[in-house]
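Residue numbers (our numbering): 13 to 617.
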């Protein structure tokens, strides 16, 4: 089917079901960032492959809504004669619906839209008389003729000695919280929460080691886990007397049985609207609140933290070998007319990680972006395009790994030759913001959005900014983007405490010209000098090549932080490296006062 055929088929389905509009989302029932192919309905319909998007389809309009990360990508992937592109936050679907003067019957799948999303949209469009219709049957079940089957990845056990706590102990902690709140049960719709509760990991979606499933955790009685039993048997997961396995299609029925006459907790920002509807229909009381499992999971125990640190040293070995290879190979190969390509570079960082003990898979598809492609924050290189990495353009790699004892995520931007003064000034502002947040001291319990401006301030002084968050939580051999903590402009009401894992990743992007970003993963620690305050301890152990920056613009304090960081990198990696990689690392981690040709990178002269 052509893109036009797909839209026409959906519109025909809408007409048959008495709908004048239909809402499509990139999400699955778990609000996953990366869905299995079966659930990528928006991508099938529109061609847009990003991790976050919405669409509104009417008889004569098709509008795709994406945020700032994907504006450029969306224009490249969708047919402009069929689709209009709007900003997801500045002009969301509800704003588009308000522009229609005639009342519309707007259909949606209640398993794919959350309680909060539907409530907010209902309130926004009520004044214009539109009617949101929860459908018992979604259109893609019939119009997507070659739709992939549901994934059946085998589970694997996360050993208690790696998790630092048994699943039974974790569930007991959550149940105690539920008792304190007067709840009979909690509905668990996030697969990473289920993975944490059961000390299992899944294989349903590459690089996202979660078991796609839902569950109900009662205060009394076993946890009801709605999952295909074959996933457990294939992974040789032994039966647990505290866990009852039920088929996924029976989930809402089992929820109704437990809900009758009881208060049932759910997180409205993630639970499908169908969950709250089922509780109400059964005569239960839905109680909305922050998911206690998500909050508990974010606070890593001592065993998990030790795992992260060990994984990052291994990842640093791979990163350092990669950057040393790149620094030598890009100019040499370009001179022979056989340049290194974006995909070749992504393959090389993966190959180097695969040499590390405990490496399982990538934690996401590497953003290997040369030149103008780096202006797209979430760019994905394509083998067919064979884009070269050239000495005259910047190269950005955002990449990470899944290890048995941790998850990694880091970004480095490299220059292989002289850069313009404008680019150098902007890059230096990004570095200054990165150091400002990385070196921050803040009261324990501060919210992430309180700190976000530290990373942006140097760019703001230049009248510049970036349209993405400054950092996110990271799971323990789980999701590389872990809820709930996030550095950004929007309020994030989850306090930062010792044991939380975050990324720090300011950047800058100029469409059609260049993009750059610096990213480290950090651990929140108690400040050893000031009681009641916290600091960030770096986890990422990889040199930050400094030839891109104007070191004269850095303060003594900023230089001191860089030197201290590079001293840690040198200490931890030197015994593990040899040859070219070791020599390159030693040159890159020299004190900043010596920056220049000794690093094999251009001097700002």
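Using N, Cα and C, we set each Cβ at its ideal position, and we do this for glycine too. On a predicted model such as this, the values are computed, not experimentally measured, just so you know.
Let's see if you can read the secondary structure: which residues bound the beta strand (DSSP E) around residue i?
{"i": "residue 277", "result": "275-278"}
{"i": "residue 200", "result": "197-200"}
{"i": "residue 76", "result": "74-78"}
{"i": "residue 483", "result": "483-485"}
{"i": "residue 297", "result": "297-300"}
{"i": "residue 516", "result": "513-516"}
{"i": "residue 67", "result": "66-70"}
Please classify residue i: is it buried, with 16 or more other beta-carbons within 10 angstroms of its beta-carbon, or exposed?
{"i": "residue 603", "result": "exposed"}
{"i": "residue 113", "result": "exposed"}
{"i": "residue 495", "result": "buried"}
{"i": "residue 488", "result": "buried"}
{"i": "residue 66", "result": "buried"}
{"i": "residue 474", "result": "exposed"}
{"i": "residue 517", "result": "buried"}
{"i": "residue 498", "result": "buried"}
{"i": "residue 101", "result": "exposed"}
{"i": "residue 262", "result": "exposed"}
{"i": "residue 531", "result": "buried"}
{"i": "residue 352", "result": "buried"}
{"i": "residue 610", "result": "Interpretation of residue 610 is limited by its pLDDT of 36, a score under 50 that renders its predicted location unreliable; the figure taken from the coordinates is listed afterwards. It counts as exposed."}
{"i": "residue 419", "result": "buried"}
{"i": "residue 133", "result": "buried"}
{"i": "residue 243", "result": "buried"}
{"i": "residue 617", "result": "Interpretation of residue 617 is limited by its pLDDT of 30, a score under 50 that renders its predicted location unreliable; the figure taken from the coordinates is listed afterwards. When all chains shown are included, residue 617 counts as exposed."}
{"i": "residue 613", "result": "Residue placement at residue 613 cannot be trusted, given a pLDDT of 40 that sits under 50; what the coordinates show is reported in the next sentence. Looking at its Cβ environment, which holds 16 or more other Cβ atoms inside 10 Å, residue 613 is buried."}
{"i": "residue 157", "result": "exposed"}
{"i": "residue 316", "result": "buried"}
Does the distance from the C-beta atom of residue i to that of residue j stay below 7 Å?
{"i": "residue 274", "j": "residue 296", "result": "yes"}
{"i": "residue 535", "j": "residue 509", "result": "no"}
{"i": "residue 12", "j": "residue 387", "result": "The structure shown does not extend to residue 12, since the chain is modelled only from 13 to 617, so the question has no answer here."}
{"i": "residue 373", "j": "residue 170", "result": "no"}
{"i": "residue 75", "j": "residue 43", "result": "no"}
{"i": "residue 236", "j": "residue 258", "result": "yes"}
{"i": "residue 370", "j": "residue 416", "result": "yes"}
{"i": "residue 214", "j": "residue 223", "result": "yes"}
{"i": "residue 304", "j": "residue 288", "result": "no"}
{"i": "residue 346", "j": "residue 425", "result": "no"}
{"i": "residue 411", "j": "residue 378", "result": "yes"}
{"i": "residue 283", "j": "residue 264", "result": "no"}
{"i": "residue 225", "j": "residue 238", "result": "yes"}
{"i": "residue 406", "j": "residue 427", "result": "yes"}
{"i": "residue 448", "j": "residue 466", "result": "yes"}
{"i": "residue 549", "j": "residue 332", "result": "no"}
{"i": "residue 180", "j": "residue 254", "result": "yes"}
{"i": "residue 93", "j": "residue 167", "result": "no"}
How far does the alpha helix (DSSP H) with residue i in it reach, from first residue to last?
{"i": "residue 450", "result": "433-450"}
{"i": "residue 43", "result": "Residue 43 -> no alpha helix (DSSP H), and no H or E assigned at all."}
{"i": "residue 329", "result": "314-347"}
{"i": "residue 305", "result": "304-310"}
{"i": "residue 464", "result": "460-472"}
{"i": "residue 379", "result": "First-last for residue 379: 379-382, but that is the beta strand (DSSP E), not the alpha helix (DSSP H)."}
Under a three-way DSSP split, which group does residue i fall into?
{"i": "residue 497", "result": "strand"}
{"i": "residue 100", "result": "coil"}
{"i": "residue 600", "result": "helix"}
{"i": "residue 547", "result": "strand"}
{"i": "residue 31", "result": "coil"}
{"i": "residue 354", "result": "helix"}
{"i": "residue 530", "result": "coil"}
{"i": "residue 410", "result": "strand"}
{"i": "residue 609", "result": "Any reading at residue 609 needs caution, since the residue's pLDDT is 36, under 50, leaving its predicted position unreliable; the model's value is listed next. Residue state, collapsed to three classes: helix."}
{"i": "residue 372", "result": "strand"}
{"i": "residue 60", "result": "coil"}
{"i": "residue 420", "result": "coil"}
{"i": "residue 167", "result": "coil"}
{"i": "residue 362", "result": "helix"}
{"i": "residue 566", "result": "coil"}
{"i": "residue 535", "result": "strand"}
{"i": "residue 618", "result": "Residue 618 falls outside the range modelled here, since the chain spans only 13 to 617, and no answer is possible."}
{"i": "residue 21", "result": "helix"}
{"i": "residue 615", "result": "Because the pLDDT of residue 615 is 34, which lies under 50, any placement of that residue in the model is unreliable, and the number read from its coordinates should be weighed accordingly. DSSP places residue 615 in coil when its eight states are reduced to three."}
{"i": "residue 16", "result": "helix"}
{"i": "residue 503", "result": "coil"}
{"i": "residue 143", "result": "strand"}
Taking only heavy atoms of the ligand HEM into account, decide whether any of them is closer than 6 Å to the Cβ of residue i.
{"i": "residue 481", "result": "In the structure on display, the ligand HEM does not appear, and there are no ligands present to speak of."}
Subject >> Segments assigned alpha helix (DSSP H), at least 4 residues, entirely inside the region 212-291 >> reply: 241-246, 263-271
Subject >> Entirely enclosed beta strand (DSSP E) segments - the region 80-128, minimum 3 residues >> reply: 96-99, 117-120
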